[in-house]
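First residue of the sequence shown: 35, per my numbering; consecutive thereafter.
Glycine included, every Cβ here is placed at the ideal spot set by N, Cα and C.
Report on one structure; see the data block that follows.
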Amino acid sequence: MGQGGGMTVAARAITPSTTGTHPEIIEPIRLGGLLDLPPLADGAGPGGRDVRIWSLDTTTVGTTELDEARPWFDPEEQEQASSYVRAELRQAYEVAHAAARRVIGAVTDQDPAAITWGRHDCPGCGEPHGRPRVEGADVEFSLAHTPGLVLVAVSEHQVGVDVERYPDPADLPGLLGILHADEVAEVEQAEEPEDAVRRFTRAWTRTEAYLKGVGIGLGRDPQTDYLGTAAIPEREIEGWLVRDVRVPDGFGAAVATHPR
Ligand SMILES: CC(C)(COP(=O)(O)OP(=O)(O)OC[C@H]1O[C@@H](n2cnc3c(N)ncnc32)[C@H](O)[C@@H]1OP(=O)(O)O)[C@@H](O)C(=O)NCCC(=O)NCCS
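Rendered as structure tokens:
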């Protein structure tokens, strides 16, 4: 079933956005690789004025390129990278961290290797494992990685971004329990498996983007918040603006921002 016509799912009331702009899916700025200076402004869509998102297809990053970027990593990144058993997860992690160093280095006028990562305090427990930050730079950012795609978001606002690959429809019943009960119902009422997968991924990426922006991550039960499964690219929750991000077929992504 296409997105819209013939839909059997009842639309739940969603707080309309108060941005005054037409809801738009945010268009990321595409990175061609890790070594060239990234484009800083091109590609931001009408809905993306207050947040810039860079995307990178991890399959286009070659071994030589990654070898040149690895010396940028700090000991914690080196240790984390080598802890991955699956090569595709390690590659996505390394590409994400190299891309984040490249983009945030360009935004803050620093060499990628000179960036020192830190963490904000977790709003749940006060321990320093909340959202990531850059020591000595006033920049808000978030990163997300999955095999095949990396996103780096930078904003003047507190921000969270998430990207996920569509799950196999056969795995959906086992995954649905992580969503809000109303989102589960919407996914279950989808007429086609492809639509169910799209709906699941929308709700999940919106929820994760929101919880990463807040900084608590999955320390807050993702069943708590209703972000919805419908193809409505913009909604508000608790003062956060949550928007969908355009990514290649087979992936879903969302970004959440909150004025500081
Ligand atoms: C944050 C979290 C949702 C990431 O989910 P994921 O799907 O595994 O990974 P993603 O690719 O989407 O995002 C990873 C990035 O999120 C960022 N991140 C980690 N913790 C974060 C937090 N609390 N808030 C915001 N961003 C966070 C990091 O930059 C991380 O990158 P890295 O793993 O390469 O260092 C998940 O790891 C989490 O919830 N962690 C906290 C769990 C918890 O229970 N904490 C205790 C609270 S008291």
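- Contact between P203 and A230 holds: CB atoms are separated by about 6 Å, below the 8 Å threshold.
- Per DSSP, F107 has no beta bridge partner at all.
- Per DSSP, E128 is one residue of the alpha helix (DSSP H) stretching across 121-142.
- Rounded to the nearest angstrom, the gap between the Cα atoms of R136 and L209 is 34 Å.
- Within its own chain, the residues whose Cβ lies closer than 6 Å to the Cβ of Y200, once the five positions on either side in sequence are excluded, are V231, T235, G284, listed in chain order.
- Taking all protein chains shown into account, D259 has 16 or more neighbouring C-beta atoms within 10 Å of its C-beta and is therefore buried.
- For L183, the enclosing beta strand (DSSP E) covers residues 183-189.
- Rounded to whole angstroms, the separation of the alpha carbons of Y127 and V218 is 30 Å.
- Going by DSSP, R240 is part of the alpha helix (DSSP H) stretching over 227-248.
- By the criterion of a C-beta distance shorter than 8 Å, H191 is surrounded in its chain by D84, V85, E174, T291, H292, P293, R294, once the five residues flanking it on both sides are discounted.
- Burial of E198 is indicated by the presence of at least 16 other C-beta atoms within 10 angstroms of its C-beta.
- Just so you know, the alpha carbons of Q125 and V184 end up roughly 10 Å apart.
- For G152, the enclosing beta strand (DSSP E) has its first and last residue at 151-153.
- Shortest gap from the CB of H191 to any heavy atom of ligand 1: 7 Å or more.
- G194 counts as buried, since at least 16 other C-beta atoms from the protein chains shown sit within 10 angstroms of its C-beta.
- Under a 10 Å Cβ-count criterion, P72 is classified as buried, with 16 or more other Cβ atoms of the shown protein chains found around its own Cβ.
- V218 carries a helical assignment under DSSP once its states are collapsed to helix, strand and coil.
- Under the three-pair Cβ rule at 8 Å, the segment 95-102 does not count as touching the segment 143-151.
- Excluding the 5 residues flanking it on each side, V186 has same chain C-beta neighbours closer than 6 Å at W88, A133, A134, V137, L177, in chain order.
- One Cα belongs to E225, the other to R104, and the distance between them is close to 46 Å.
- Taking the Cβ atoms as the reference, W106 lies roughly 4 Å from A147, within the contact range of under 8 Å.
- Beta-bridge partners assigned by DSSP to I271: W274.
- Cβ atoms of A130 and H179 come within 8 Å of each other, at about 4 Å.
- Taking a 10 Å sphere around the C-beta of D255, we find fewer than 16 other C-beta atoms and assign the residue as exposed.
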